[in-house]
Amino acid sequence: MGKAQSILVTGTTGMIGGLVLDQCLNSQDMQRVYGLGRRPSGRNHPGLTEFLMDDLDSLESLQIPPVDAVIFCAGVYTGAVPDQEFHSITIDYPVRLANLLLAKNSNLRFCLLSGAGADRSEKSRMIFARSKGAAENRLASILGDSFYAFRPAYIYPVEPRKEPNISYSLMRFLYPLVNAVSNKYSIKSTELAEAMVDVALNGCEKHILENSDILTLLNGHGVR
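In this text, residue positions in the sequence shown follow our numbering: the first is 3, and each later residue adds one.
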């Protein structure tokens with residue numbers, strides 16, 4: 003598949019999904035941009051079409067057209083919802099979406115916002131690591147070389163926001179130090195969004211991109 007010209011973004015009301023959506027709408031390479039979620043993104047742009055779903059079971063009825071690529075940014079913080087709902091959002095949602103759109107375009111490119119520590123053995127005691135690993139496994143089996151998993155470490159919010167918990171507040175405070183030590187442990191929200199859009203448009207040689215890989219890709223040092 004060549005350069006993608008139509009793209010679907012999920013999680014558009016979230017930090018990364020919103021940044022990804024904005025970059026897609028501002029891209030001269032993109033002809034059609036679609037958003038998918040439970041709430042409108044709040045953007046008013048002639049190039050944007052949004053699909054709103056009540057729940058996962060309504061996904062197939064939305065009549066989403068064929069697209070070249072998906073950037074899946076929907077998610078929920080660990081502990082914010084019951085384990086079964088976390089499983090549904092983290093695993094069932096992207097898998098059902100991939101199957102739905104792959105049937106409409108066999109060359110579909112799919113970029114997943116996963117996370118550092120995703121465990122493809124699915125044996126971790128941490129539900130985040132176990133669920134993200136399971137999602138990666140299932141999507142890779144469906145999509146093959148058209149699947150890309152992004153595993154950022156701490157994501158530094160470039161724009162001010164209310165942090166979801168004290169751990170995030172602490173990491174925001176420590177970010178300058180962490181960033182100075184290594185490129186393995188943190189990334190700016192805008193950097194992650196830019197990398198995801200780039201891979202959705204153009205593909206990449208690597209299919210699992212750890213934090214340092216994402217930054218290397220942005221710096222043009224050979225990950226592609």
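Built from N, CA and C at the ideal position, the CB exists for glycine as well.
Taken through DSSP and simplified to helix, strand or coil, Lys134 comes out as helix.
Taking the Cα of Pro154 as reference, the smallest distance to any Cα among Ala137, Ile91, Leu115 is reached at Leu115. Collapsing the DSSP output to three states places Gly19 in a helix. The residue among Ser188, Ala76, Leu103 with its C-alpha nearest the C-alpha of Val69 is Leu103.
Minimum Cα-Cα distance from Phe130 among the listed residues Gly77, Met198, Ser191 corresponds to Gly77. Close CB contacts of Ser8 within its chain, under the 7 Å cut and outside five residues either way in sequence, are with Gln33, Arg34, Val69, Asp70 (chain order). Burial state of Val160 is exposed, judged by a 10 Å Cβ sphere holding fewer than 16 other Cβ atoms.
In this chain, the beta strand (DSSP E) harbouring Leu54 covers 50-54. Contact between the stretch 193-211 and the stretch 54-69 is absent: fewer than three C-beta pairs spanning the two stretches fall below 8 Å.
The beta carbon of Ala202 is closer than 7 Å to those of Ala6, Ile9, Ala71, Ile73, Arg111, Cys113 in its chain, skipping five residues each way along the sequence.
In terms of Cα proximity to Arg41, the closest of Gly20, Glu87, Asn221 is Gly20. Taking a contact as a CB-CB distance under 8 Å, the pair His47 and Leu27 counts as one, their CB atoms being some 5 Å apart. The residue from Thr80, Gly13, Tyr156, Asp147 with its alpha-carbon nearest to that of Asn109 is Asp147.
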